[in-house]
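To convert a position in the sequence shown, counted from 1, into the working numbering, add 6. Structure record follows, encoded as structure tokens.
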Amino acid sequence: MSDDVEWVDEEAGPVVRPYAVTGGRTRASCSSFDLLSMAVATGAPVSPGASLGSEHRRLLNLVRRARPIVEIASDAELPVGVIKVLLGDLLDQGLILVRSPLPAASVPPESLLRELISGLRAL
7 MSDDVEWVDE
17 EAGPVVRPYA
27 VTGGRTRASC
37 SSFDLLSMAV
47 ATGAPVSPGA
57 SLGSEHRRLL
67 NLVRRARPIV
77 EIASDAELPV
87 GVIKVLLGDL
97 LDQGLILVRS
107 PLPAASVPPE
117 SLLRELISGL
127 RAL
């Protein structure tokens, strides 16, 4: 049986459980995935020996442009945990890049805010 067969029932939706899609794995090979991390395909060719299932190939199509992990999960209609495992496989094979979200800007000191307010009032 081919890996490219989609296991979908017209009325019930997907009939393969998420643990079957990930081969029973519950964690990605790397822990750098955050819900807001951005994933994008590298454009590297898939090696002939790569064991990519239909879900892996579908994710490669979804990340042709940089997208957050949570958006990929929504569009793929799979749980975020499953997406993280599958993206981890693609990352291990060099087929995607993942960038962590930028840290939130720090809050300016209160003294600077007070000076700003005083300056605005002076106008």
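Even glycine gets a Cβ: it sits at the ideal position worked out from N, Cα and C. The structure displayed is predicted, hence computed values, not measured ones.
Straight-line Cα distance separating residue j from residue i
i: V76; j: F39; result: 10 angstroms
i: R127; j: M44; result: 42 angstroms
i: G100; j: T48; result: 7 angstroms
i: P115; j: P109; result: 18 angstroms
i: S53; j: A111; result: 41 angstroms
i: I78; j: S57; result: 21 angstroms
i: D98; j: S124; result: 54 angstroms
Of the listed residues the options, nearest to residue i (C-alpha basis)
i: D81; options: D95, L97 and R64; result: R64
i: L68; options: I89, G125, R105 and G100; result: I89
i: A50; options: L129, L42 and L96; result: L96
Cβ separation of residue i and residue j, assumed to be a contact under 8 angstroms, to the nearest whole Å
i: L93; j: I102; result: 6 angstroms
Worksheet entry | Complete beta strand (DSSP E) runs within the segment 46-116 (minimum length 3 residues, chain order) | Runs found: 102-105.
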